[in-house]
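Asker: First the structure, then my questions, so here it is.
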Amino acid sequence: MNTPRTGTPSSMHIRDHLDLFSIVALGVIFYLATPYWFSWTRDYYNVAFHLDGAQFDYMKAVLEGSIYRRVGLLCLALYGVDCLIRGHYRLRMRDWLGHLCILFMVWATASLLWSESSGLVLRKIIILWCLAIGAFGVATRMNLTRLLTTMLILSAGTMLLSLAAELYYGNFDPFTSSYRFAGVMHPVIQGWNCGLLLLTAFALLSCGYRPRRWLILLALCGLAGILLTKSRWPLATGLIGVFTISHFTWSLRSRAAVVLWLAAAGCVVLLFYFNDPSVPFRKALSMGRGDEALLGAGTLSGRTHLWSLVINLWQDKPFLGYGYNAFQIPSILNYLNARMSWLPTNCHSAYLQMLLGLGAVGLIVFLGIFLLAVRKALYLARRHPLESFSFGLLVSLVANMLIEAPVITDPSLMTFTAYVIIIRLAFLSDSTDEIRSGA
Numbered sequence: 001m002n003t004p005r006t007g008t009p010s011s012m013h014i015r016d017h018l019d020l021f022s023i024v025a026l027g028v029i030f031y032l033a034t035p036y037w038f039s040w041t042r043d044y045y046n047v048a049f050h051l052d053g054a055q056f057d058y059m060k061a062v063l064e065g066s067i068y069r070r071v072g073l074l075c076l077a078l079y080g081v082d083c084l085i086r087g088h089y090r091l092r093m094r095d096w097l098g099h100l101c102i103l104f105m106v107w108a109t110a111s112l113l114w115s116e117s118s119g120l121v122l123r124k125i126i127i128l129w130c131l132a133i134g135a136f137g138v139a140t141r142m143n144l145t146r147l148l149t150t151m152l153i154l155s156a157g158t159m160l161l162s163l164a165a166e167l168y169y170g171n172f173d174p175f176t177s178s179y180r181f182a183g184v185m186h187p188v189i190q191g192w193n194c195g196l197l198l199l200t201a202f203a204l205l206s207c208g209y210r211p212r213r214w215l216i217l218l219a220l221c222g223l224a225g226i227l228l229t230k231s232r233w234p235l236a237t238g239l240i241g242v243f244t245i246s247h248f249t250w251s252l253r254s255r256a257a258v259v260l261w262l263a264a265a266g267c268v269v270l271l272f273y274f275n276d277p278s279v280p281f282r283k284a285l286s287m288g289r290g291d292e293a294l295l296g297a298g299t300l301s302g303r304t305h306l307w308s309l310v311i312n313l314w315q316d317k318p319f320l321g322y323g324y325n326a327f328q329i330p331s332i333l334n335y336l337n338a339r340m341s342w343l344p345t346n347c348h349s350a351y352l353q354m355l356l357g358l359g360a361v362g363l364i365v366f367l368g369i370f371l372l373a374v375r376k377a378l379y380l381a382r383r384h385p386l387e388s389f390s391f392g393l394l395v396s397l398v399a400n401m402l403i404e405a406p407v408i409t410d411p412s413l414m415t416f417t418a419y420v421i422i423i424r425l426a427f428l429s430d431s432t433d434e435i436r437s438g439a
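For the sequence shown, position 418 (counting from the first letter as 1) is numbered 418 according to the UniProt record's numbering, and the numbering increases by one without interruption.
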């Protein structure tokens with residue numbers, strides 16, 4: 001496809017930017033690697049809230065140690081290698097962002113040498129390398145328009161499969177306080193998936209791509225999906241991403257009009273539907289999940305206590321850490337199990353996860369990557385409208401990582417898209433056609 005030097009794409013219809021082979025390949029890969037668990041909703045309500053030892057081991061095996069996940073990750077790495085061999089765009093070392101990305105990979109891999117649980121850390125490092133190799137390949141194969149179109153279809157397909165699973169098992173009941181839309185994955189991961197659907201559809205729509213009606217519908221479906229998951233942080237960060245994209249693609253008058261209309265609608269709801277103005281605030285804060293979720297909001301559902309314990313653990317190994325993503329090593333789990341009423345599977349903060357696993361050195365490199373990536377994405381967003389997606393996604397991700405870790409460590413569509421965006425910013429020249437929004 002030829003692209004003029006202005007960065008304007010040769011076609012503004014998303015069907016002309018479809019990469020059917022990549023859509024099918026990545027769809028199968030993430031179906032296996034995430035993995036998609038069709039009975040998740042049934043087992044989530046019947047099992048997740050009543051965990052004994054055997055049930056916990058079963059869920060852990062399904063979510064982290066399944067043979068399907070290993071096959072999916074291996075296929076992702078092979079797909080990435082194939083794309084690197086036959087890719088359209090050349091990768092090159094441009095600035096400090098690329099150097100920091102390589103340094104992070106080296107440091108994470110080297111942490112295997114000083115970890116007390118080499119088997120677990122090795123498995124986490126393999127996941128990291130599979131995601132990175134796959135993302136490198138996609139960055140050389142797809143331009144930004146094609147990447148967004150691919151992720152739009154895959155995230156929409158995932159949401160559709162999830163809805164079908166809920167309907168099949170008879171668990172789709174959005175009017176009960178205990179219900180959370182999950183489908184084939186955990187509700188929070190589903191929230192990230194729906195957030196990716198919202199951001200990709202909104203970015204393409206805001207930049208004038210067609211068909212507009214379908215893009216509007218998909219954006220609304222993504223927003224509705226996040227609301228149904230009742231996941232507060234994916235909703236907040238998704239809206240942050242939308243407002244960030246609109247800053248570069250909408251006029252000031254349009255943004256002001258939307259804010260005024262939303263404020264007016266909020267006032268109408270308060271005046272005519274609630275006698276006590278605090279009622280809608282409490283419901284919004286709990287996302288309709290009842291008083292228990294509202295009470296847990298003050299401690300971020302118990303995260304603050306966990307974080308204080310993580311800091312205590314980190315102080316024993318402040319510089320090197322325990323090994324990349326090594327939260328589940330026996331010494332850490334035993335320490336937490338003796339001091340908490342619930343046993344987490346991660347730090348519930350990507351920054352603390354990096355600090356605990358890779359020490360202060362790893363966290364500094366990790367923060368440097370995102371600081372430089374956000375800076376470069378901002379530079380490009382001011383020049384090419386569609387690059388606002390990169391900036392919006394990174395801003396959303398930086399906020400999301402405050403209270404969640406798997407969003408940057410575990411294989412999911414949102415995580416993989418973030419990897420591709422960072423690699424594009426780090427290794428593709430901003431002075432050539434491939435980095436332009438229309439390329």
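Positions of the beta carbon are idealized from the N, C-alpha and C atoms, including for glycine.
From a predicted model like this one, the values you see are computed outputs, not experimental measurements.
Taking the alpha-carbon positions, what's the Gln-55 to Trp-314 distance?
Answerer: The pLDDT assigned to Gln-55 is 44, lower than 50, so where the model puts this residue is not dependable; a value taken from the coordinates is nonetheless given after this. Spanning the two alpha carbons is a distance of roughly 30 Å.
Asker: Sorted by chain position, which residues of the same chain lie with C-beta nearer than 6 Å to Tyr-419's C-beta, five sequence neighbours on each side aside?
Answerer: Here the set comprises Leu-131, Ala-135.
Asker: Taking the C-alpha atoms as reference points, what is the distance between Met-142 and His-88?
Answerer: Spanning the two alpha carbons is a distance of roughly 8 Å.
Asker: Does the Cβ of Gly-119 have 16 or more other Cβ atoms within 10 Å, making it buried, or fewer, making it exposed?
Answerer: Exposed, by the Cβ-count rule.
Asker: With DSSP as the reference, identify every bridge partner of His-13, one or two as the case may be.
Answerer: According to DSSP, which records beta bridges pairwise, His-13 is partnered with Arg-210.
Asker: Quick one, are the C-beta atoms of Leu-371 and Leu-336 less than 8 Å apart?
Answerer: No, Cβ-Cβ distance for Leu-371 and Leu-336 is not below 8 Å.
Asker: List in chain order: all unbroken alpha helix (DSSP H) runs of 4+ residues lying wholly within the stretch 187–257.
Answerer: DSSP runs (the alpha helix (DSSP H)) wholly in the stretch 187–257: 187–206, 212–229, 232–249.
Asker: Quick check: what's the CA-CA separation for Ala-219 versus Asp-316?
Answerer: Cα to Cα, the separation comes out at about 46 Å.
Asker: My output table needs one value for Trp-314: the three-state DSSP class, helix, strand or coil.
Answerer: Correct three-state label for Trp-314: helix.
Asker: Should Leu-199 and Gly-392 be called a contact, given that it needs their Cβ atoms to be closer than 8 Å?
Answerer: Contact: yes.
Asker: State buried or exposed for Gly-357, treating a residue as buried only when at least 16 other CB atoms are found within 10 Å of its CB.
Answerer: Classification of Gly-357: buried, given that the 10 Å Cβ count is 16 or more.
Asker: Put Phe-327 into one of helix, strand or coil per three-state DSSP.
Answerer: Of the three classes helix, strand and coil, the one that applies to Phe-327 here is coil, per DSSP.
Asker: Unbroken alpha helix (DSSP H) runs of length 4 or more, entirely within the stretch 326–395: which are they?
Answerer: Taking only runs of at least 4 residues, the alpha helix (DSSP H) segments lying wholly in the stretch 326–395 are 330–337, 350–381.
Asker: At which residues does the alpha helix (DSSP H) containing Ser-118 begin and terminate?
Answerer: Run containing Ser-118: 118–141, per the alpha helix (DSSP H) assignment.
Asker: Any contact between the stretch 144–162 and the stretch 186–206? By contact I mean 3 or more CB pairs, one from each, below 8 Å.
Answerer: Touching, yes.
Asker: Cutting at 6 Å between CB atoms, please list the residues of its own chain near Val-242, excluding the five before and the five after it.
Answerer: Once the five neighbours on either side are set aside, the close Cβ partners of Val-242 are Phe-202.
Asker: Taking the C-alpha atoms as reference points, what is the distance between residue 440 and Met-185?
Answerer: Nothing can be reported for residue 440: it is not among the residues displayed for the chain, which extend from 1 to 439.
Asker: Below 8 Å on the Cβ atoms is my contact criterion, and I expect Ala-377 with Ser-390 to pass it. Report the Cβ-Cβ distance as a whole number of Å.
Answerer: That belief holds up - the Cβ atoms of Ala-377 and Ser-390 are roughly 4 Å apart, short of 8 Å.
Asker: Tell me where the alpha helix (DSSP H) around Glu-166 begins and ends.
Answerer: 144–168 is the span of the alpha helix (DSSP H), which, as asked, contains Glu-166.
Asker: For His-384, does the count of other Cβ atoms within 10 angstroms reach 16, so buried, or fall short, so exposed?
Answerer: Buried, by the Cβ-count rule.
Asker: Counting beta carbon pairs with one atom in the stretch 403–413 and one in the stretch 15–33, are three or more of them shorter than 8 Å?
Answerer: Contact holds: three or more Cβ-Cβ distances are below 8 Å.
Asker: Between which two residues does the alpha helix (DSSP H) harbouring Ser-22 extend?
Answerer: Here the alpha helix (DSSP H) through Ser-22 covers 20–33.
Asker: Distance, Cα to Cα, Trp-114 vs Val-106?
Answerer: Rounded to the nearest angstrom, the two C-alpha atoms are 14 Å apart.
Asker: Give the secondary structure of Val-398 by DSSP, where H, G and I count as helix, E and B as strand, and everything else as coil.
Answerer: If DSSP states are grouped into helix, strand and coil, Val-398 belongs with the helices.
Asker: Using alpha carbons as the reference points, say which of Ile-14, Val-71, Ile-125 lies closest to Leu-32.
Answerer: Selected option, being the one with the closest Cα: Val-71.
Asker: Figure out for me which residue from Ala-326, Met-340, Trp-342, Thr-140 has the closest Cα to the Cα of Leu-355.
Answerer: Ranking Ala-326, Met-340, Trp-342, Thr-140 by Cα distance to Leu-355 puts Ala-326 first.
Asker: Give the straight-line distance between the Cα atoms of Leu-103 and Leu-84, rounded to the nearest whole angstrom.
Answerer: Each residue's alpha carbon lies about 21 Å from the other.
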